[in-house]
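A.B. asks: Dropping the structure in here first, questions after.
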Amino acid sequence: MTLTVNGKPAAIDGKVELNVTELLSVLKVEQPDYVTVELNGEILERDNFPATVVRDGDAVEFLYFMGGGR
Amino acid sequence: MEKKWDFETLLIHGGLEPGPAGATTVPIVQSSAFAYDSADALEDVFRGRRPGQVYTRIGNPTTESLEKRLTLLEDGIAGIVTASGMAAISTAVLTILRSGDEILSSSSVFGGTFSLFRDTLSSYGIGVRFVDPTDLKAVREGVGERTRLLFVETIGNPKMDVPDIAALAEIAREAKIPLMLDATVTTPWMARGKDLGADLVVHSTSKFINGSGSAIGGAIIDLGRFDWGGEKYPHFAPFVKKFGRFAFTARARKLVHKDLGACAAPMNSFLLAEGIETLALRMERHCSSALRLASFLREHPKVRWVNYPGLPDSPFQDIASRQFGGRYGALLTFGLPDKEAAFRFINALRLARNLANIGDAKTLVIHPASTICCDYTPEEKALMGVTEELVRVSVGIEAPGDIVGDFAQALEQV
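From first to last, the protein sequence lines are chains Z and F.
The first sequence lines up with residues 3 to 72 when you count with the working numbering.
The second sequence lines up with residues 105 to 518 when you count with the working numbering.
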């Protein structure tokens, strides 16, 4: 499947869908304990990561409160 | 995995990544800014799409390592290390309060905190109401319409009063306001704020966490317990929406800490990370020697009174024993006949150093009324428990017999 991750296309071979916890692992997202995940414009509750499924064509944004600007 | 280690192990290994070439200490990353290979990568960090360092005022790898360790030690969810303990308090308080809001504060807070709340913040429309933190009725009645924070020290410095923190946490919970605990004098070794019911913990890491008086620093630990989505905190709404339980730390990092610029120097973060490794061993000795010195002073004919929560006749012995697991800290105060006697005593000491600090390996003394509290009125000094005959002691980790011996010979000259 192909997702849009942080505004850029990202192909994930051999997968039709993944839950958000798996997605964080597959994409090797840094500091997963701290990241906020936005799926198709909606911010996800952390508790819902395992139950939320990401499919081909979805747009995912990762957001951290550390780092540079606002 | 690190969460499973015991406290003493976390003191040494918590948050520590292997350094370059196998270095076992926290590398000192003495760099103002951090370069990225592409404009896209730096944009991603600025937009918060990926974690990363950009500028040491905002974040630094050495400081981040200390933040992780302190967060693990307090069992919190996130931490911010600052330039000093006062920077930690200023940053934390200004993250929560806006003009028109009010702090409900213990009246026996450290003089610097008292001044920040009463003088500096009031110039910007943030009010304060001081109450005796051991009078739960007064605290409950002190919560007003505008109150947005309950602030208390685990042991009042130098009043040496010990509030019932769990009871204060309950009052804060009922009022839907956070309890911020200044745990500088107890450190997480004596009690973790989370176990006592606090929402946020602040430290002056310059004291026992450093342990040798070699660096100034502070820390704010977010314990992740408070619901910032409540109606009293509308300014947190965008942070709650985006960052959920990290709303406090996000607002602090993205606004107040970044904008005030009270960042830690990487060298200081290194020194603090070195110091904290031996915190448990040092605190054991601090506490046992303080109890020994307090007991000696208690029996000395020239000493009028001794205030140490570990003494059996202290009104705070029960609560301190319960809250701090039978440990009572390094600080004590005692009274001589008058100011002149206190000065003669301090001038006669040979080992203990006369200076404005606590938490050093060295035994330290000061006459608070003429130094750290000299700008306050007699009424304000009384609120803080500071009297003219009072000497404050931060008991060090020298040979206990040498400490007691030094005090004995100095008392002979009073």
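For each residue, glycine too, the CB sits at the ideal point set by N, CA and C.
Predicted model only: the values in this text are computed from it and were never measured.
How about M264/F and P413/F: do their beta carbons lie closer than 8 Å?
C.D. replies: As a first step, residue 264/F must be located in the second sequence, where it is residue number 160. As a first step, residue 413/F must be located in the second sequence, where it is residue number 309. Going by C-beta atoms, M264/F is nearer than 8 Å to P413/F.
A.B. asks: Taking buried to mean at least 16 other C-beta atoms within 10 Å of its own C-beta, is A603/F buried or exposed?
C.D. replies: Since the first residue of chain F shown is 105 and the last is 518, residue 603/F is not available in this structure.
A.B. asks: Using a beta-carbon distance cut-off of less than 8 Å, what residues from the segment 4-23 of chain Z approach chain F?
C.D. replies: Under the 8 Å Cβ criterion, the segment 4-23 of chain Z contributes N8.
A.B. asks: List the whole-angstrom C-beta distance separating R173/F from G119/F, where the pair is believed to meet the contact cut-off of C-beta under 8 Å.
C.D. replies: Mapped onto the second sequence, residue 173/F falls at position 69. Mapped onto the second sequence, residue 119/F falls at position 15. Indeed they touch by this definition, with Cβ atoms about 4 Å apart.
A.B. asks: Relative to the C-alpha of T224/F, which candidate in E274/F, S194/F, V247/F has its C-alpha closest?
C.D. replies: Counting from one through the second sequence, the residue named residue 224/F turns up at place 120. Taking only the C-alpha atoms, the option nearest T224/F is S194/F.
A.B. asks: Between T38/Z and chain F, is any beta-carbon pair separated by less than 8 Å?
C.D. replies: The residue you call residue 38/Z lines up with position 36 of the first sequence. It does: the Cβ of T38/Z has a partner Cβ on chain F nearer than 8 Å.
A.B. asks: If we require 3 or more residues per run, which beta strand (DSSP E) segments fall completely within the segment 240-277 of chain F?
C.D. replies: Whole beta strand (DSSP E) segments, 3+ residues: 251-257.
A.B. asks: If I follow the unbroken beta strand (DSSP E) through N21/Z, where does it start and stop?
C.D. replies: Numbered from its first residue, the first sequence carries residue 21/Z at position 19. Per DSSP, N21/Z belongs to the beta strand (DSSP E) from 19-21.
A.B. asks: Taking C-alpha atoms, which residue in L415/F, Y159/F, A145/F lies nearest to R153/F?
C.D. replies: Taking the second sequence and counting its residues from 1, the one referred to as residue 153/F is at position 49. Nearest C-alpha to R153/F: A145/F.
A.B. asks: Going by Cα to Cα distance, which pick from T353/F, A302/F, T291/F, V306/F is closest to L385/F?
C.D. replies: On the second sequence, residue 385/F is found 281 positions in, with the first residue counted as 1. Of T353/F, A302/F, T291/F, V306/F, the residue nearest in Cα terms is T291/F.
A.B. asks: Taking K346/F and L65/Z to be in contact with their CB atoms under 8 Å, please state how far apart those CB atoms are, rounded to whole angstroms.
C.D. replies: The count along the second sequence starts at 1 and reaches residue 346/F at position 242. The count along the first sequence starts at 1 and reaches residue 65/Z at position 63. K346/F to L65/Z, Cβ: 6 Å. Contact.
A.B. asks: Applying the criterion that 16 or more other CB atoms from any shown protein chain within 10 Å of the CB defines a buried residue, is R357/F buried or exposed?
C.D. replies: Working through the second sequence from its first residue, we reach residue 357/F at position 253. With 16 or more other Cβ atoms within 10 Å, it is buried.
A.B. asks: Looking only at C-alpha atoms, which of F234/F, G365/F, S135/F sits nearest to G215/F?
C.D. replies: Mapped onto the second sequence, residue 215/F falls at position 111. Closest by alpha carbon: F234/F.
A.B. asks: Which of the residues in the segment 330-345 of chain F, read from start to end, lie with their CB under 7 Å from any CB of chain Z?
C.D. replies: Residues K345.
A.B. asks: Considering E516/F, what are the terminal residues of the beta strand (DSSP E) in which it resides?
C.D. replies: Position 412 of the second sequence, counting from 1, holds the residue named residue 516/F. Where E516/F is concerned, there is no enclosing beta strand (DSSP E), although the alpha helix (DSSP H) it sits in stretches over 504-516.
A.B. asks: Distance cutoff 8 Å, beta carbons only. Does K358/F sit that close to anything in chain Z?
C.D. replies: As a first step, residue 358/F is located in the second sequence; it is residue number 254 there, counting from the start. With 8 Å as the cut-off, K358/F counts as an interface residue toward chain Z.
A.B. asks: Can you round the beta-carbon distance between P282/F and F218/F to whole angstroms, since I take them to be within the 8 Å contact cut?
C.D. replies: As a first step, residue 282/F must be located in the second sequence, where it is residue number 178. As a first step, residue 218/F must be located in the second sequence, where it is residue number 114. Their Cβ separation, rounded to whole angstroms, is 20 Å, which puts P282/F and F218/F out of contact at 8 Å.
A.B. asks: With H, G and I counted as helix, E and B as strand and the rest as coil, what does DSSP make of M488/F?
C.D. replies: Stepping through the second sequence from its first residue, residue 488/F is reached at position 384. Three-state DSSP puts M488/F in coil, outside helix and strand.
A.B. asks: Measuring CA to CA, which of V133/F, A354/F, C478/F, S425/F is closest to H339/F?
C.D. replies: Working through the second sequence from its first residue, we reach residue 339/F at position 235. When only C-alpha atoms are compared, the closest one is A354/F.
A.B. asks: When the distance is taken between beta carbons, is G322/F closer than 8 Å to A187/F?
C.D. replies: Here the question's residue 187/F lines up with position 83 in the second sequence. Here the question's residue 322/F lines up with position 218 in the second sequence. It is a contact, given that the beta carbons lie within the stated cut-off.
A.B. asks: Let me check understanding here. Comparing Cα to Cα, which of D464/F, Y337/F, A369/F, T167/F lies closest to C391/F?
C.D. replies: On the second sequence, position 287 is the one that residue 391/F refers to. Here the closest residue by C-alpha is D464/F.
A.B. asks: Going by DSSP, what residue range makes up the beta strand (DSSP E) through T437/F?
C.D. replies: Within the second sequence, residue 437/F is the residue found at index 333, counting from 1. Unbroken beta strand (DSSP E) run through T437/F: 435-439.
A.B. asks: Of the residues V344/F, L285/F, K336/F, G315/F, which one's Cα is nearest the Cα of R48/Z?
C.D. replies: As a first step, residue 48/Z is located in the first sequence; it is residue number 46 there, counting from the start. Selected option, being the one with the closest Cα: V344/F.
A.B. asks: Taking CB distances under 8 Å as the criterion, tell me whether E502/F reaches chain Z.
C.D. replies: Working through the second sequence from its first residue, we reach residue 502/F at position 398. No, no contact with chain Z.
A.B. asks: Under DSSP, the beta strand (DSSP E) around P11/Z begins and ends at which residues?
C.D. replies: To locate residue 11/Z, count along the first sequence from 1; it is residue 9. Counting along the chain, the beta strand (DSSP E) containing P11/Z begins and ends at 10-13.
A.B. asks: Measuring only between beta-carbons, confirm whether T353/F sits less than 8 Å from chain Z.
C.D. replies: Counting from one through the second sequence, the residue named residue 353/F turns up at place 249. Yes, T353/F lies at the interface with chain Z (some Cβ there is under 8 Å from its Cβ).
A.B. asks: From the beta carbon of E86/Z, is the nearest beta carbon of chain F less than 8 Å away?
C.D. replies: What is shown of chain Z runs 3 to 72, which leaves residue 86/Z out entirely.
A.B. asks: Using a Cβ-Cβ cut-off of 8 Å, state whether L65/Z counts as contacting chain F.
C.D. replies: Counted from its first residue, the first sequence places residue 65/Z at position 63. Yes - at least one Cβ of chain F is within 8 Å of the one on L65/Z.
A.B. asks: Let me make sure I understand the geometry here. Which of S399/F, I313/F, E335/F, G365/F has the alpha-carbon closest to that of E381/F?
C.D. replies: Numbered from 1 along the second sequence, position 277 holds the residue referred to as residue 381/F. Comparing Cα-Cα distances from E381/F to each of S399/F, I313/F, E335/F, G365/F, the minimum goes to I313/F.
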